[in-house]
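Asks:
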Amino acid sequence: MNYDISKATAPAMPNLGRGTDCIKILLSQASKDMHEPLVPMFFPILGAHISGAEFQYPDFSWKETTGMMANLVAHSGDNKGQLTTLSKAINRDFIAHDLAEIDKLLEWQTQKNTKGANKDKPARPEVALWFPPSDTTRPAFLQNAMALEKQGGRTQYYNLPEVEMADCLCGGHKQVSVLLRNVYDRDRAGALRATSDGITGNPILRACITISSNPTSTRQFYKNELTNGTFGRMVFSYKPRGTRSGRIPRQGKYTDEFYKKLDEYLARLDQCKGRYIIRPLNQLTDKLAQDMAALADLADDDLLFEMSHRSLVSAWKAGCVLWVLNNQTWTKPMSELVEWLVYHDIWSKMQLFADMLKDGDKSISGVGKSGPKNMLDDLRDSFNEAELEALRVSADKPKEGTKRQLRVWMSRGFIEYSAETELYTKTQIYLNRTR
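Using this note's numbering, you'd call the opening residue of the sequence shown number 22 and step up by one each time.
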């Protein structure tokens, strides 16, 4: 357990070593203040480039890298726009493909409009966009998903510069929860319409989505989605307000050399086909699941434990992308980055929504609340039951749970009990992992 997510300071990203070269190449074009916030946002964009490949999760299910979603949250004017520039750089091949598809659509519209009222109209061409515009309606999204499924099941990627744009894509805010959950789960979400003018179909939804928003609009958008699974499926990357330095951040110049290096990695994603089991990644995910359970026990926080499940899946998918980018080879720095992604996601969620999750407060102004607190850290190295009981009461937790929490800590090897002194003492194993 290497990160403290109870503080207002973001968990520090590990050094990007061997195996993370593509991420370093992308960061070379971002201003330094955006390095950590942008890293989680890269993976939905990169994951959309993999099609026809499945990876086995530790529970033995097979998953694709589709369904990856991430929301960048930063204050107004705080360089969120760099994500859009980088997404276009990564998706140059998508854009070129879509231009040819749109030309077919425009030609069809011209032919249709020049035909007389009694003339047979030409059939609409089969058009499938890989990087559709952010202003896409739900029927158009479904129609595009149907066309992509006919092409072998490619993933469509959306970049939404404002979180409210998701309402249009999902067919209204009341439908946001359903569509985003179906996208994450790679589920079918079709439609049946009574007339030929409507869109009828039931394709598998393969999409990756990135969203940008400020803290207030983020809290407003998700305030009713915190307990239905939508919130947990979305990766959040929060950039707190920085200092007033007066310096204009410098971005990269997007040189030909940058594109040449990037294209070498994108080719690996495009060429990845088949089924794979990445054993080092699965072993890491099993370990992180244990770490999340231990962290939840230290905070006595069921919500944290439940939230961690999908954070693990999202980080695991990012690990699959890293593995493909690194010529299907695993390294220790890749493990460190995947671990950081889990903690950074949970930290971001707690910074943005801790008060809403804890108290059901639906006000949208608050942000920067503290995350789950490791209660054992707040106790002396040797303490008695009454001290933990008082700490629980001060944290608005029932004192009746004190004995159970002590039993859990003892079973995990965090503390030992002395019948002679009637004191609980932190074990050396626990002290070594936290200091």
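Beta carbons are placed, not taken as given, at the ideal position from N, Cα and C, and that holds for glycine.
Anyone know if the C-beta pair for G38 and P301 falls short of 8 angstroms?
Replies: Not in contact: G38 and P301 (Cβ atoms no closer than 8 angstroms).
Asks: If you check the beta carbons only, do A257 and K370 fall under 8 angstroms apart?
Replies: The amino acid at residue 257 is misidentified as Ala; the sequence shows Phe. Yes, these two residues count as a Cβ contact at 8 angstroms.
Asks: Does DSSP put Y275 in a helix, in a strand, or in coil?
Replies: In this structure, Y275 counts as coil in the three-state DSSP scheme.
Asks: Measure the alpha-carbon distance for D99 versus A310 and round it to whole angstroms.
Replies: Going from the Cα of D99 to the Cα of A310 covers about 34 angstroms.
Asks: Three or more beta-carbon pairs under 8 angstroms between the segment 178-195 and the segment 144-161, yes or no?
Replies: In short, these stretches touch, since the Cβ pair count reaches three.
Asks: Could you please give me the residues that DSSP links to R209 through a beta bridge?
Replies: According to DSSP, which records beta bridges pairwise, R209 is partnered with I225.
Asks: Can you name, in chain order, every residue of its own chain whose Cβ lies under 8 angstroms from the Cβ of R401, other than the five neighbours on each side?
Replies: Only E408 meet the Cβ criterion.
Asks: Check the DSSP bridge columns for R296 and list the partner residues they point to.
Replies: The partner list for R296 (beta bridge, DSSP) reads E75.
Asks: Just how far apart, CA to CA, sit V458 and R331?
Replies: Residue 458 lies beyond the residue range present for the chain, which begins at 22 and ends at 456; the question has no answer from this structure.
Asks: If you drop the 5 nearest sequence neighbours on each side, which residues of the same chain put their C-beta closer than 8 angstroms to that of G173?
Replies: So the qualifying residues of the chain are S72, G73.
Asks: Would you decide whether Q132 is buried or exposed? Buried here means 16 or more other CB atoms lie within 10 Å of its CB.
Replies: Looking at its Cβ environment, which holds fewer than 16 other Cβ atoms inside 10 Å, Q132 is exposed.
Asks: Rank G68, I436, G273, K308 by C-alpha distance to the C-alpha of W151 and give the top, closest one.
Replies: For the residues G68, I436, G273, K308, the minimum Cα distance to W151 belongs to G68.
Asks: Using the beta-carbon count (16 or more within 10 Å), is A215 buried or exposed?
Replies: Unreliable positioning characterises A215 in this predicted model, as indicated by a pLDDT of 46, which lies under 50. The coordinate reading is nonetheless provided below. With fewer than 16 Cβ atoms within 10 Å of its Cβ, A215 is classed as exposed.
Asks: Measuring CB to CB, does M179 end up less than 8 angstroms from A228?
Replies: Looking at the sequence provided, one finds Tyr at residue 179 rather than Met. For Y179 and A228, yes; Cβs fall inside 8 angstroms.
Asks: Between the Cα of F162 and the Cα atoms of D54, P224, S198, P143, which residue gives the shortest distance?
Replies: Cα-wise, what sits closest to F162 is P224.
Asks: If you pair each beta-carbon of the segment 254-271 with each one of the segment 48-64, do three or more pairs fall below 8 angstroms?
Replies: A contact exists between the segment 254-271 and the segment 48-64.
Asks: Sort out for me which residues DSSP pairs I232 with in a bridge.
Replies: Paired residue(s): N92, L181.
Asks: Does the Cβ-Cβ distance between L104 and L47 come in under 8 angstroms?
Replies: No, Cβ-Cβ distance for L104 and L47 is not below 8 angstroms.
Asks: Taking L181 as the reference, which of A33, K142, P65 has the closest Cα?
Replies: Nearest option by C-alpha distance: P65.
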